[in-house]
Every structure is written in structure tokens, then in C-alpha cells.
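Take the sequence shown: its position 113, counting from 1, is numbered 284 in my numbering, and each next residue is one higher.
Working notes, beginning with the structure itself.
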Amino acid sequence: MNTRFHARRVRHRQTHRRYSLVWALLLLFSALLGGCVATDLPVPLRAPTPTALPPPRQPPTPSPTPPVAVTLRYALWDAAQEPAYAACAAQFMARYPHITIVIERTAWPAYWDKLFADLASGDAPDVFVNHTTRLPDLAAAGHLLDLQPLVERDNVDDTIYIGRLPRLWVRSGVRYGLPKDWDTVALVYNKQLTAQAGVSEAELNQLDWNPVDGGSFQQMLARLTIDSAGNNALSPTFDAQNVRHYGLTMAETDGGGAYGQQQWSWLAASNGFRFTDYLYATRYHYDAPELIATMQWYQRLINELGYHSPFDQVAEQNGRQLFLDGQAAMIADGSWTISQYVNDAPFEVGFARLPVGPLGRKSMFNGLADSIWSGTPHVEAAWQWVRYLGSVECQLTVGKAAVTFPALLSGVNQMIAHYTARGIDISAFTEQALTPEGIFLFPVTEHAAEIGAIMQPVIVAILRGEADPATALPAANARVNALFAP
């Protein structure tokens, strides 16, 4: 065999698969955000007319080049992604030596409190990473610069981004950000622990779930929950008081708050739950039977069956750390954490598909953007930085760093190639995005902070076994919907 010719054929097939994947993503996201996936996109054909927002501040017409040196503050929350964006900043500053980028990172739990306090004081970052759940409140308060006039002035082509990711950040002709990435959720597992339990990769990718008996997913968690004597939770001699490691744990410390992106939304959605009926809705459905049943199952899993880390441990240490310490065999988490598990775990990790629920596999889908503070004194410099963050050059840098799926196809290719070269299969995340009706959007409404303040303690109480979902969720839902009362 001509080995060089064979190698070229293999590389060609791998390249073809990667390009097939990203073009499929392009088509799928176009359908999702364009309203073609009617059962999953929370945007009806005849949604109520959104409440008019105050006119955004229009950027002045600046000179092509700022006459003096400018320092821009750029706020983000993800420590894993900071080095990639620092590299982008270095590239940018080499091109624009009169502009200095100062990155200000605040961890997610405090990021929004700090940002809103800075905005209120009039001393906010010039550019900051934005989240769809915070967009309505930031826009309504007039904190975001309308980028559309700048996009039109400079002929910026937003069709370079995957599907209609830019559409998430446009409302009534006003553009509030340029896309930076996208994400889905999958299962992360400890290959050493699954191998010891005799569990195959194929088994992990073929699990099913329902809120009545938990399906094969619950049985798998029992097999992977091991006591100090080596017995799993299906054994009659299993000692629930001396557990070596649990089958499952939960990312973060807050139970997922109001949205449960990595923690429970994928289960609830697969059971038929929808947070809202459309984008910018004024009514939530936390009282839905589908969510109540899901949370009742999760409560049993932790507090009765004992196949999941006790929530007090999760709240104290973060389930992500419990997993990395070998105290749980599996965890559901977002694609933006792939590099953390691969690089930080002292064991080999794998990524598996979410279990199939009554309505199939479902993952929350989101895409972040970079926005400009409407009060920045450096509009032109800030715009140049935002443009660069969304450029092919920066997106390729982020893709090569392999810390999140970039918003450009070329960046996605880089991330896939990075992990393929290391022998790591991340298709659980990309295949979820390709699954028909397999993704649903974050609820995008006003009052995100208030909703979080209402729902987080309720979710925590449920997971601790201190509240009955059948009564706690409807009561909380009434409080949430009261926020939208005229």
C-alpha cells in the first residue's frame, strides 16, 4: 500500500467530515433561530408585540483614527477562556498600537452584580461579554450601544457566523452585540471508573430516561455508585452510609438557579417542559407538570436513592471539583468546559450523549456576544475591538485554544481538529446540536436577576429534600409571573 496516499485519503475523509459537520450546524442553527423548528424554538409565528425599548444611543461619527492613546476595559467571566482572549488582545494591540486592552475578569457568580453596579455608577467596562438572559434588561435600561449603524457604515458581513447566531442579538432593527461562541450540554465521564464498573462507551451513549423510574439512566447511575467495599448500589449488600463515589454529580454550587442549563434543564425539556412560549415572553411555566415530575425524580435520586452526590457537598465544593477528585463517575456540563476536564482531570475523561427522554434528547443552546457600553467615551476604539473579537483571526485563535466553540465555522474546525489530534471525541456536543429538535434556547425575558433570586433558593431547597416540587414550584412561578404585571 502507498502509505502516503493512504494518509492523504484519511486526512481528506476527516476534513470532509469536519466540513460536513459545520455546514450541518449552519443549516440547523438557521432553522432553530429562523423559526423552522416549531416544536423547540420558543418563538411563535404570531408572538405578542414586544414592549418598545427606549431609543438606544446612536454612536457619533468619529474620525477614522483616534488622535490620542486609548485604554479600553474589557470584562469577561471565564478563567479558562481568558488566555485565548488575551492572545486576541495582543494581536489587536499589535495592529492598533494606540489602543490598550485591559482585561477585567470577574467569576460568574459575581460578574453580573459587579457589571450592573458599574453601569449604575457610570464607570463600566467599555466592552463586555454579554449573555442572552441579561440582554433584555440591559437593553431596556439603555446600557447597550446600537451597533447596527457601525455595521452598516463598515459593511460588516454577519453572514460569516454560524446560522443566525447574530439574530439572537438583534431586536427591532437594533443590534446589541456581535456573536462570539455557542454551546451545548453532554455527559462527562471518568473512563477509569466506568471501565471498573464494566460499562462500555456504547452503553453510555444509548441511555434513556423518564421521571417515573429513571429508565436505563437511573440503572446506570446505580451501577456507577460504589461503596467502600466495592459494591454497587444494585447490590443487596451496598452500604449507602459509606459511598466511595457516586454515579452522578452536578456542576456549579447553586443547583442551576433559575435555568439549570447543565444541571436539570436537559431532563425537563426531554420531558416536555418549556420555560416560556417565545422570546421576550412575559409568562413562565415553572408550575408545569413536566418540570414538577422532573424535579421530583431528581430529588429522589439524591435524597432517597443516593446515586448522586449529596447536595450539601455540591454546594460546598462544586460538583465539578467532586468529579475531578474522583468522587463521582459522571457529570453533565457545557461544551465551554471541555478543556477544563481534559486538562485538569488526573484521569482520562470521555464525553457521552445525554439520555433520551420521553421527547428525545434535549440540550439548552446558547451563544454569547460582545457588547459595547453606551456610555463609553471611546466608541470608535471599542467598535474596532468588538469587530476584531468577531473576526476570523481572533475566532481562529480561540478555536485553536479549544476552550469554546467559536461562532465562525473556521473556528469550530480548529477546535474539532485540536481534540481529534489528541484522540479525544467531542462529538457528543456537536451531535446534540445536529439532532433534529435537539436544542432549545435559553429563556430570554426581562427581570433575569429577580427571577434568579426567586428560583435559586427554591431549586436548592428541592434538591436538598426540604421542599416539595408540587407546591414549591407553582408558588415560585406565581412570584415570577408577578414581576411582569403591568
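We put the beta carbon where it would ideally sit given N, CA and C, even for glycine.
Cutoff 6 Å; reference residue i; Cβ partners in own chain excluding five residues on either side
i: R276; result: L247, E253
i: P221; result: Here P221 scores only 37 on pLDDT, less than 50, and its place in the model is too uncertain to base an answer on.
i: F600; result: T355, A357, S506
i: V485; result: M421
i: A653; result: none
i: A209; result: Bear in mind that the predicted position of A209 carries a pLDDT of just 26, short of 50, making it unreliable; the figure below should be weighed with that in mind. Closer than 6 Å at the Cβ level, and outside the excluded window around A209, lies no residue.
i: F655; result: T453
i: L290; result: H314
i: W468; result: P382
i: L309; result: L315
i: Y512; result: V359, V520
i: H589; result: A573
i: G386; result: D379, W380
Closest residue to residue i among the options (Cα-Cα distance)
i: A400; options: R415, Q367, R305, Q389; result: R415
i: P350; options: L336, Y267, A647; result: L336
i: L612; options: Y449, M391, Y245; result: Y449
i: L243; options: H549, G570, V341; result: H549
i: E374; options: L438, Q511, T365; result: T365
i: G582; options: A250, A251, A255, A240; result: A255
i: Y559; options: A240, G344, Y245; result: Y245
i: I274; options: S292, L286, P296; result: P296
i: D515; options: V239, I622, Q492, L318; result: Q492
i: M391; options: D308, R338, G369; result: G369
i: N376; options: M501, E608, E461; result: M501
i: L634; options: A503, A647, Q434; result: Q434
i: A311; options: Y282, S343, D329; result: S343
i: W340; options: E608, Q566, H269, G538; result: G538
Beta-carbon proximity of residue i to residue j, cut-off 8 Å
i: I331; j: W353; result: no
i: F536; j: I610; result: yes
i: T568; j: C259; result: yes
i: P526; j: F299; result: no
i: D496; j: Q627; result: no
i: R129; j: I625; result: Nothing can be reported for residue 129: it is not among the residues displayed for the chain, which extend from 172 to 657.
i: P577; j: D458; result: no
i: A668; j: G348; result: One cannot answer for residue 668 here, as it falls past the ends of the chain, which runs 172 to 657.
i: F518; j: N361; result: yes
i: S542; j: N326; result: no
i: G443; j: L530; result: yes
i: L419; j: Y478; result: yes
i: N403; j: A393; result: yes
i: L318; j: R346; result: yes
i: Q585; j: S534; result: no
i: S562; j: A251; result: no
i: R471; j: H456; result: no
i: R324; j: S441; result: no
Sequence-distant residues of the same chain with beta carbon closer than 7 Å to residue i, five excluded per side
i: E564; result: Q262
i: N413; result: D398, S399
i: N489; result: E423, T424
i: P307; result: Y451, V615, T616, E617
i: G205; result: Confidence in G205 is poor, its pLDDT being 47 and thus under 50, which makes the residue's placement unreliable; the coordinate value appears in the next sentence. Same-chain partners within the cutoff: R335.
i: I272; result: L243, Y245, A260, F263, M264, W556
Status (buried if at least 16 other CB within 10 Å, exposed otherwise) for residue i
i: D384; result: exposed
i: A223; result: Because the pLDDT of A223 is 41, which lies under 50, any placement of that residue in the model is unreliable, and the number read from its coordinates should be weighed accordingly. Answer is exposed; the Cβ neighbour count stays below 16.
i: W279; result: exposed
i: E487; result: exposed
i: A499; result: buried
i: D116; result: Since the first and last residues shown for the chain are 172 and 657, residue 116 lies out of range.
i: A638; result: buried
i: R305; result: buried
i: P657; result: exposed
i: A240; result: exposed
i: D410; result: exposed
i: L405; result: exposed
i: S545; result: buried
i: A523; result: buried
i: P640; result: buried
i: E461; result: buried
i: A592; result: exposed
i: S480; result: buried
i: G293; result: exposed
i: A643; result: buried
Same chain, Cβ closer than 8 Å to residue i, five either side skipped, listed in chain order
i: Y267; result: A552, Q555
Residue i at chain C interface by Cβ criterion, 8 Å
i: L495; result: Of the protein chains in this structure there is only one, and it is not chain C.
Worksheet item: Could you give the uninterrupted runs of the beta strand (DSSP E) lying entirely in the region 322-388, keeping only those of 3 residues or more?
Response: 356-361
Discussion item. Ignoring anything shorter than 3 residues, give me the beta strand (DSSP E) runs that lie fully in the region 590-632, in order along the chain.
Written reply: 610-612
Discussion item. Which complete alpha helix (DSSP H) runs does the region 526-594 hold, if anything under 4 residues is left out?
Written reply: 550-560, 563-572, 580-592
Item to complete: Could you tell me which uninterrupted beta strand (DSSP E) segments, each at least 3 residues in length, are contained entirely in the region 452-518, listed from first to last along the chain?
Response: 499-505
Fill in: Any alpha helix (DSSP H) of 4 or more consecutive residues that is wholly inside the region 283-316
306-311
Discussion item. Going residue by residue through the region 394-454, where are the continuous alpha helix (DSSP H) segments of at least 4 residues, counting only ones entirely within it?
Written reply: 436-441
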